[in-house]
Each structure stands twice: as C-alpha cells, then as structure tokens.
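Protein chains: 2
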Amino acid sequence: MRGQRRDGVEGGRPTIRDVAGRAKVSVATVSRVFAGSAGVSAELTRRVLDTAAQLGYTPHVVARSLASGRSHIIGILVPNLANPHFYALIKQVLHDAGRDGFQVLVADSDESLPAERELGISLLQRADGLIMCGPRCTPGVLRELLGQGRPVVVVDRKIDDPVVSSVVMDAHGAMRALVQHLVDLGHEHVTYLHGPARSWQEQERWRALRGFRRRGLQVSEVATGATVEDGHRVADEVIGTGCTAVVAHNDLSAIGLMAALNERGVRVPENMSVTGYDDIPFGRYMSPSLTTVRTSQEEAASAAWLAMRGLLEGHRAGSRTVIASEPVLRRSTAAPRITADLG
Amino acid sequence: MRGQRRDGVEGGRPTIRDVAGRAKVSVATVSRVFAGSAGVSAELTRRVLDTAAQLGYTPHVVARSLASGRSHIIGILVPNLANPHFYALIKQVLHDAGRDGFQVLVADSDESLPAERELGISLLQRADGLIMCGPRCTPGVLRELLGQGRPVVVVDRKIDDPVVSSVVMDAHGAMRALVQHLVDLGHEHVTYLHGPARSWQEQERWRALRGFRRRGLQVSEVATGATVEDGHRVADEVIGTGCTAVVAHNDLSAIGLMAALNERGVRVPENMSVTGYDDIPFGRYMSPSLTTVRTSQEEAASAAWLAMRGLLEGHRAGSRTVIASEPVLRRSTAAPRITADLG
DNA sequence: TTGTAAGCGTTATCAT
DNA sequence: ATGATAACGCTTACAA
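Residue numbers (the numbering used here), protein chains in the order written: chain S, 1292 to 1634; chain D, 1292 to 1634.
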C-alpha cells in the first residue's frame, strides 16, 4: 500500500475513523448515521453529522461497495445509443435511477452479439443489476448473464425465462392497428422495411403485418437497417415492389426512405404512403409529418427501473410489463392514387 | 460481515486466495499475473492462469478499485442526452474509452446548474476522471470539481483555467464563414435564434454573427431553446423581424422553425433562408436539406478521451484542442427573393 | 443504543 | 522472481 495519511487532519481525504475519533464515537455509529439506519440517538447523530461537516467527510463509495456488496450502480446496455428509441430510454432511466440514488453505467453494443455478451458481463461486475435494451442475444447468453447472480431486466423483448423480468411494448397490437389503417385507406400492396433481424420487436411487427396476408393484403419485404441512411438506401428496391404503401420498422428508416422517394420525384403520400414506428420527435415536424406508432419510452423506462428496483429489494423475478402502443395518424399516409410512371 | 464462503470450492465466487492456494503460489503472484505486470515467470503465469480458468476466477473489480485507488471508470456529464450533439459525443467516448478498458458513467443535468454541480461531484466519487460536455457552470464550480483531485476535461467550452484540459469546436470561424455565405447570397437582414444562454458555444456563435453588424448587416435576435419544439414555437416572432434569413444556434431548432414556417406558407429557401448548426444526420435528408455547420463530434470525443487518458497517465493538465468546423451548404439557403405579404 | 473487530478482495511494500 | 502482510475505508455480526 502506498503509505498515505495516518489519522487526523493530515493531507488526504478524511475517513470514517477520523470522524469517529473527533466525535468520540465508534466507527460503527458513524457508519450507521451515514447509512441512515435507525437506532442512533439524536444526540450522537447530530454530533457525527457536525463533525463530518467540519471535516468535509463523505463516505467512500468504493469502500462501501466492497464491504456491503452493493454498488448503487446499475448498468444499461443498448444496441445503439444513436437511436432515439434507446437514448430516450436511457435518459429516463438516468432520471429515475438517479432520483433513487443510483448511478448508471452505459454501454453500447453497436448491434454486435459478442459485444453484447462481453459488455453485459463487464457491466455486471460493477453494477447491482443490468437493464438490457433490445437484446438480440440468445437465451443461453442471457442465462450466462444471470449466472452472475444479479438481477437483469430486459426491455423490448418478451422472455420466456421466468428468471428475468421484462418490459415490452405492445408491438403486435399497435402494428395491426396501423396496417388496418392502411387497408382502410384502400391499400392492397404494402412493403415492409425490415430492421435488424434478431430484434424481438422486429419479429413482432413483422408477424402482425404478415398476418394480413390471410386477409388478402399483398405484402412485400425489403431488408434494411435501423438508420436514416439504411432507409435512404433501399428506395429503388422499394419502388421496384410496386407497392402503394411502405411500413418501415422504425421512424429513422422511414425518414430516410421518404427523403429518397422525394429525391426521385415520388410524392408522399400521393404516390406512396409511408409509416414509421417509435414516434421520435422529428416525425411530427417533417413534411409531410410521419404516420407512426407511439409507445411511451419514458413509461417503458420507468417500468424497467421499477422492475429493477423491485428485484434489488429482493422481489421475485419474472414480472412482465406491457406498455401500450398506439398508431399516430399524420400526413404521410393517404389513400393510394393512380401511380405515375416511376421509370 | 455476512459469513460467506471460507476458502476453497464452497459456494460463492472464487477469490484471489482460492487461486493462490490451488496453484501453490502467493496471492501477490496471482495479482501480478492478472495485473499483467512483468516479472512473473512463464511457468507460474501459466499455472495461475490455468487454475483461474478452472475455478472460473476473475478479479473483483471493486476490491481492485479500493486497493489501487483507480476504478477504470470515467464519468461523462451532458446537459441533455436527447440532443444529437451530445449523444454523438457519448457514443464515441463509450467506444474509445471502452477500447481502453474503461467503463463510462453517464449523467444528464437537464440543463440545470445545481444538478451539474451535484452530478459532477457524485460522478467523481467513483470515476477516475470526468468529461464535462457543454458545461454552463461557473469557474467556481469547476474548481470545486477539480478539488476532488481528479482530472477533468471540458468539451464545448474554452476554459481559461490552466488546470483543466479542454476540447472546443472552432465555433467562431465556422460561424463567420456561414454568415458570409448568406451575405454573399445577398441577404441584408438576418435573425439569430439564440440557444440556452449560458453555453459557451452559443456565445461564440453569437459573437461571430454580431461582428457582421459592423459590415452593415442587420441582425435581429430571437431567444429560444435547444429543441425542435423550441424552434417551432418562435416562427411568428421570427417572421415578425422581417429578416430574409435565419441563423439558428443548432440544427434541432432550425428544423422546428422550418416546419413551422412551412405550416405558415413561408417557403424555405425561397421566402426565407435557414441555417442550422451541428450537422445532425436528419439535416441531410430533410426537404429542403439543411445548410449547417459540420463539426466532427467523433473527432471531438476522441480528442476528449485522448486528453483524459493523458491526464490519467499523469500528463500535465491545460491542453487545448480545437476541432475544425466547416459550413455545409445545402438547399435551405438561397438568395432572397421578393417576399410575399406574410400577413 | 453503542462499541469491537472481523471481514470484503484486492494492491503494493518490503523482505527474501 | 516470489512471498508475507499491511493497508484501502467501509459494513455488519456480535457483544456489551
């Protein structure tokens, strides 16, 4: 050990012992006072607090963590921090957890599965629990994470495993309502813009849309990614399907697609209806404004933190929260018209 | 103390002692092996590693932190995580720091000064260093943070204090170039959309624009915030100034403004030129695409991490990095035309 | 209600 | 090159 300060006023940061000594109480009492545990007389409490203030003492969080086994840190892992869906989640978790005295370690897997596993494990070394957003990982990896013996809450994916709690948005119902809206407008051929394949949300959305085939809707598919660029890139392919409406798996790709359609002289919604998913703030201010599905990320995040806090307090795992979603009908969808020759 | 496992295979997680015992070496040796410090024979290194693998041992990061005084965590504090400027920064820091084996504690002050101070201090309890993005805090608060005795890197603000390192974007030069572009187009009356007042960036941008008054440019001001909604809200006020071009302090507010102008039948850029700042991804895909200022946030973030790493390695504080910025001319700016009566 | 002291799992100093 | 062992600063049985 580096020989540092030895008791009293000298140099470094004051320790619990300095306070105890100066206040003529035991370290246990000081510890109790700062832990807020009941059973310390008002007299001593005051004396400890005064002394601590004089010395500028604050508990050493790392030492605390080591001794107690709890860090008051939670980890949150997202596949892409640059996606509004995820930073909205993080922002709210930051807020809620912060209010409860927790700090938040953030990690971004960049949609990489190995990274997801790696980062998850790494976060759990420090954190009391882990919130995994939009996990693509296998149940096996999930169990491995759980093997660390700490609570895990999964957001954006229904998990069968009764050992994790999960928060999901009602993707299926909302998607059905959205597509029904297109059908009601008179669309008979819809193209779905697939997102990153392994996401559970993605599968739910696709399942809901696919279900309309039975009712006579023609459904084409185009694969792409989760970003504006990804949507922009596949415009020609989309046009090639001959559809009159596009259901994008998220707002970002819908926005990219609309921009590309616009560049090609395909007017939205006259020549092509486009829907997104997430209701990110921009969608409302675009021209035309974007028809999409709103699902309160704040609500989801709060639910995730609530579940996590419960687990940390010893509640049994396995809770399921479903956040309601609803279509938001704006100007990017309309009845199909006679399509001009798009060359 | 909770009576937990006592030596050997029993229950809980294996400790360094378990490994040492089983491998017939001292804990010091095991520690050295896992610290990667030179001076352990190949023979013992192998034995330790093997045993550790058998036992599934990994060093306990919290214990490590306590003993060494280093956590391999850095904190990053932003005024608003939902602002693309800041999550882009965070994302890159996550990446760079992660590659160097650091975890990242994120906090969001929601533009609140007291929160900025509070959170900064709180982060520094755990973190080896703090990256403060777009700090509005006073030099006094900054010094208080530095008083924690850990390195602080400030991004988005020039700091006179030679005790902190800082990374700034060249707001002044880029802004001047942007406004010159408007002047060259023939604009004679420009309105500036102010952002949150205390941001240094904001002041730099305004200073650059204001400088054009001396050259005969008429410059009006409208105060607003940093979000799309904020820009949307002040459209009427902007129109009221009678300007032919608007320079928004960031892309978000520019986008909101453009949407509102569009709703009022004011065409961009025909009736009103609009510029943003930041070059967020959306700007490129809007219609019309947004003239703005690009400043590589990735570059800034990497520079910030580099500075931080340097400080952690004991380099002297006070470094200044200036990231170049450049105007990106797109379709939202054009020569002013005869303005229709906007009622 | 308060105090004593044994951990928590490492690192790092000092011998050897 | 390796080992023994005292910190690191706190929490928490257990005793008083």
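All C-beta atoms in this analysis are idealised placements derived from N, C-alpha and C, irrespective of residue type, glycine included.
Remember, predicted model here, so these are calculated numbers, not experimental data.
Name the chain D residues that come within less than 7 Å of residue i, Cβ to Cβ?
i         : result
Lys1449/S : Here the premise fails: no neighbours, minimum Cβ distance about 27 Å.
Tyr1576/S : Val1519, His1523, Ile1546, Gly1547 and Ala1550
Mind pulling the chain D residues with CB within less than 8 Å of residue i?
i         : result
Ser1332/S : Simply none; closest approach about 25 Å.
Out of curiosity, what's the CA-to-CA distance linking residue i and residue j?
i         : j         : result
His1351/D : Ser1456/D : 32 Å
Met1549/D : Asp1399/S : 32 Å
Arg1408/S : Gly1438/S : 12 Å
Ser1332/S : His1606/S : 32 Å
Gln1471/S : Met1577/S : 23 Å
Leu1543/D : Val1525/D : 13 Å
Tyr1378/D : Val1316/S : 47 Å
Ser1403/D : Val1432/D : 13 Å
Ile1593/S : Ala1373/S : The amino acid occupying residue 1593/S in the given sequence is Ser; Ile does not appear at that position. About 20 Å.
His1376/S : Asp1309/D : 44 Å
Ala1595/D : Val1446/D : 7 Å
Asp1391/D : Leu1421/S : 22 Å
Gly1440/D : Cys1428/D : 18 Å
Ile1571/D : Ala1343/S : 48 Å
Ile1364/S : Leu1436/S : 16 Å
Pro1638/S : Gly1425/S : There is no way to answer for residue 1638/S, as the model of chain S reaches only from 1292 to 1634.
Cys1534/D : Lys1382/S : 37 Å
Phe1503/D : His1386/S : 42 Å
Ala1615/S : Leu1335/D : 58 Å
Asp1277/S : Phe1325/S : Chain S is shown only over 1292 to 1634; residue 1277/S falls outside these bounds and no answer can be derived.
Glu1617/S : Arg1558/S : 26 Å
Mind pulling the chain S residues with CB within less than 8 Å of residue i?
i         : result
Arg1417/D : Val1352, Val1353, Ile1364 and Gln1394
Tyr1568/D : Simply none; closest approach about 17 Å.
Tyr1378/D : Leu1372, Ala1373 and Tyr1378
Ile1381/D : Leu1372 and Val1397
Given that a residue counts as buried once 16 or more other Cβ atoms are within 10 Å of its Cβ, and exposed if not, what is residue i?
i         : result
Glu1554/D : exposed
Asp1527/S : exposed
Arg1337/S : exposed
Pro1405/S : exposed
Glu1604/D : exposed
Arg1506/D : exposed
Thr1586/S : buried
Thr1582/D : buried
Step through the CB atoms of chain D and report whether any lies within less than 8 Å of the CB of residue i.
i         : result
Gly1516/S : no
Ser1564/S : no
Ala1595/S : no
Ile1614/S : no
Asn1553/S : yes
Leu1357/S : yes
Ser1413/S : yes
Ala1625/S : no
So, for residue i: in the same chain, excluding its five sequence neighbours on each side, which residues have a beta-carbon less than 8 Å away from its beta-carbon?
i         : result
Arg1434/D : Asp1452 and Val1454
Leu1473/D : Val1481, Ala1536, Val1538, Ser1564, Thr1566 and Thr1624
Ser1413/D : Ala1398
Val1288/D : In this structure chain D extends from 1292 to 1634, so residue 1288/D is not present and cannot be described.
Under the criterion of a Cβ to heavy atom distance below 7 Å, does residue i qualify as lining the ligand GDP?
i         : result
Thr1518/S : Annotation note on the ligand GDP: not contained in the displayed structure, which lists no ligands.
For residue i, which residues in chain S fall below 9 Å Cβ to Cβ?
i         : result
Leu1385/D : Leu1372, Val1397, Ala1398 and Asp1399
Do we get a CB-CB distance below 8 Å when we pair residue i with the residues of chain S?
i         : result
Pro1572/D : yes
Leu1437/D : no
Along chain S, which residues have their Cβ under 7 Å away from the Cβ of residue i?
i         : result
Ser1587/D : The contacting residues do not exist; Ser1587/D stays about 15 Å from chain S at best.
Suppose the cutoff is 7 Å on Cβ atoms and the five residues either side in sequence are ignored; what does the same chain contact list for residue i look like?
i         : result
Gly1556/D : none
Gly1477/D : Ala1626 and Pro1627
Ser1356/S : Ser1362
Ser1322/S : Ile1307
Leu1410/D : Leu1368, Ala1398 and Ser1400
Between which residues of its own chain and residue i is the CB-CB distance below 6 Å, once the five residues before and five after are set aside?
i         : result
Val1458/S : Val1446, Ala1591, Ala1594, Ala1595 and Thr1612
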